[in-house]
Amino acid sequence: MIDFIVNIAKLNEDIELIWLYGSQAQGTAHSESDVDIAIAFKNHTLPALSLQSRPECLAIEWAEELNMPLDKLSIVDINRIPIALAFNVIEYGQLVYNNNPLRVYQEENRIRSMFEYQLMQSKREAE
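Sequence positions in the sequence shown follow our numbering and run 3 to 129.
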């Protein structure tokens, strides 16, 4: 299944990176587990509604191609999810598609910096 996702991602010029995360990436998946995918898209100049719906549209398309229920495939835009989730993706997930090696470092640095900043802010607020 991951090979299929990578192959169809190669046909989409807007997809630069794909991470598999969650139970599938950690080897703890069971028959009822879903597939969690995070994508770094190239184009960030789309209208807000298009940016928001892009992962859901891909999930519908890919679930149909994979002949799997839509509720078993979750796709998120790594640039539009909470930082704690993005941190989980880059720390514990698996990068399964990389069309831009520089972007990997940019995303990882951005997410780690924002995560550390949020931790520091939380500590300050708790004092």
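Glycine residues also receive a C-beta, built at the ideal position from the N, C-alpha and C atoms.
Asked, Found
"Within 8 Å, strictly: CB atoms of D79 and P49", "no"
"Option in D38, L19, F6, N14 with minimal Cα separation from R105", "L19"
"Closest by C-alpha distance to I77, when choosing among P103, F43, Y119", "F43"
"Nearest candidate by alpha-carbon position, reference A11, set I62, N100, F89", "N100"
"L51 versus C59: straight-line alpha-carbon distance, rounded", "12 Å"
"Spatial distance of Q54 from E66 (CA atoms)", "20 Å"
"Distance between T47 and Q26 (C-alpha atoms, nearest Å)", "31 Å"
"Euclidean distance between Cα positions of Q28 and I17", "23 Å"
"Proximity below 8 Å, CB of V37 to CB of L97", "no"
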